[in-house]
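Student: Counted the way the numbering used here counts, the sequence shown spans residues 11 to 261.
Ideal Cβ placement from N, Cα and C applies to all residues, glycine included.
From a predicted model like this one, the values you see are computed outputs, not experimental measurements.
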Amino acid sequence: MTKKAKFYFITAIILFVLGVAVGLFLWTGSVWADFEGYMFQPATHADRSEFNLLCPHLITTNDFGVISIGIENDYDKDVRKVVRGYKSLGYVIYIASDETSLELSPGESEVLHWYIYPEDAAWKRFVLFRVNIISSRGTGLTTASCGVMVVNVPFLKSDQFFLLALLSGTLLVAAGIYLMYRSSLLQAKNNYYFERLMLSITGVMVIGLLLSFFGQWIAGGLILVGMYLFLMVIITHYVQKWMDKRPVPEI
């Protein structure tokens with residue numbers, strides 16, 4: 011391997027690892043937050059709500075977030091719905107709650123909002139939220155939950171940090187794959203093993219991020235566990251390979 015090819019190879023590995031680390035941070039934080047939210051104030055004998063709870067992916071310590079849900083009357087008669095919201099207040103055992111009663115005519119809808127702040131985070135890490143909906147028609151009690159990761163970045167707004175993390179992670183991964191390709195060209199390698207491995211890891215990460223960002227935290231979490239196991243196997247393999255190549259000291 012020439013010096014230039016080696017430089018490209020090492021730089022590619024560093025950039026790709028940094029990009030993957032950013033992706034894993036967002037992925038892990040999203041799945042973990044929603045898991046904690048699912049465990050927060052569980053509603054006994056409640057079905058999953060047919061209305062989507064919209065939660066921010068994260069908030070920074072310099073910002074606040076808004077959680078919302080749209081309630082609609084799909085029946086041909088008036089419906090009364092009681093909406094109870096619960097959020098953490100710095101600790102799991104400290105809870106803020108409110109109750110809103112809605113009288114909805116056929117086809118009428120209403121959007122409810124709740125504000126969350128960094129100081130609401132349990133363990134200074136996740137803001138936990140749950141909403142229970144009691145309806146006079148259909149399923150009597152339904153529930154939905156989510157968790158929002160709090161990032162200790164006091165100089166950026168939540169959207170700024172989120173977009174910056176996505177953009178930087180994407181650029182780092184893309185640069186790593188490109189430099190690895192350049193290294194393979196300089197070495198006249200045609201199998202592109204490392205490039206294919208990088209693309210596979212990137213593809214799985216994109217799928218996992220999309221699942222977690224759209225609230226499918228169970229599927230995203232299962233893939234995340236598989237990703238961590240796969241990365242551990244890859245790292246162990248190459249560490250062992252490097253150890254085997256080390257010269258054995260003469261006795």
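Where does Ser59 sit, in a helix, a strand or coil, going by DSSP?
Tutor: What you label residue 59 is simply residue 49 of the sequence shown in a count that begins at 1. Residue state, collapsed to three classes: coil.
Student: Candidates Tyr127, Ile143 and Leu64: which alpha carbon is nearest His55's?
Tutor: The sequence position of residue 55 within the sequence shown is 45, counting from 1. Of Tyr127, Ile143 and Leu64, the residue nearest in Cα terms is Ile143.
Student: Do the CB positions of Leu112 and Lys91 come within less than 8 Å of each other?
Tutor: The sequence position of residue 112 within the sequence shown is 102, counting from 1. The sequence position of residue 91 within the sequence shown is 81, counting from 1. Yes, the pair counts as a contact, with Cβ atoms nearer than the cut-off.
Student: How far does the beta strand (DSSP E) with Gly150 in it reach, from first residue to last?
Tutor: In the sequence shown, the residue the question calls residue 150 occupies position 140. Taken as a continuous stretch (DSSP letters only), Gly150 belongs to no beta strand (DSSP E), as it is neither H nor E.
Student: Among the candidates Phe17, Thr12, Ile23 and Gly33, whose CA atom is the shortest distance from the CA of Gly179?
Tutor: What you label residue 179 is simply residue 169 of the sequence shown in a count that begins at 1. Ranking Phe17, Thr12, Ile23 and Gly33 by Cα distance to Gly179 puts Gly33 first.
Student: Which residues bound the alpha helix (DSSP H) around Leu168?
Tutor: Within the sequence shown, numbered from 1, the residue matching residue 168 stands at position 158. Correcting the residue identity first, residue 168 is Ser in this sequence and not Leu. Start and end: Ser168 to Leu196.
Student: Quick one: measure Cβ to Cβ for Tyr48 and Leu196, integer angstroms, because I've assumed they're closer than 8 Å.
Tutor: In the sequence shown, counting from the first residue as 1, residue 48 sits at position 38. In the sequence shown, counting from the first residue as 1, residue 196 sits at position 186. So it is not a contact: roughly 50 Å between Cβ atoms.
Student: Near Gln51, what residues of its chain come up, given a Cβ to Cβ distance below 6 Å and the 5 sequence neighbours on each side ignored?
Tutor: To locate residue 51, count along the sequence shown from 1; it is residue 41. Correct list, in chain order: Tyr96 and Arg140.
Student: If you measure between the beta carbons of Val41 and Gly231, is that distance less than 8 Å?
Tutor: Here residue 41 refers to the residue found at position 31 of the sequence shown. Here residue 231 refers to the residue found at position 221 of the sequence shown. Yes, they are a contact pair.
Student: Excluding five sequence neighbours on each side, which residues of the same chain lie with their C-beta closer than 8 Å to the C-beta of Ile217?
Tutor: Start at 1 with the first residue of the sequence shown, and residue 217 comes out as number 207. The residues are Ile233.
Student: So, helix, strand or coil for Met208, using DSSP?
Tutor: Sequence index remark: in the sequence shown, residue 208 carries index 198 (1-based). Helix at Met208.
Student: Which two residues bound the contiguous beta strand (DSSP E) that contains Asp4?
Tutor: The displayed coordinates of the chain run from 11 to 261. Any statement about residue 4 would go beyond what the structure contains.
Student: Taking Lys91 as part of the beta strand (DSSP E), name the residues at either end of that continuous run.
Tutor: On the sequence shown, residue 91 is found 81 positions in, with the first residue counted as 1. Where Lys91 is concerned, the enclosing beta strand (DSSP E) stretches over Val89 to Ser98.
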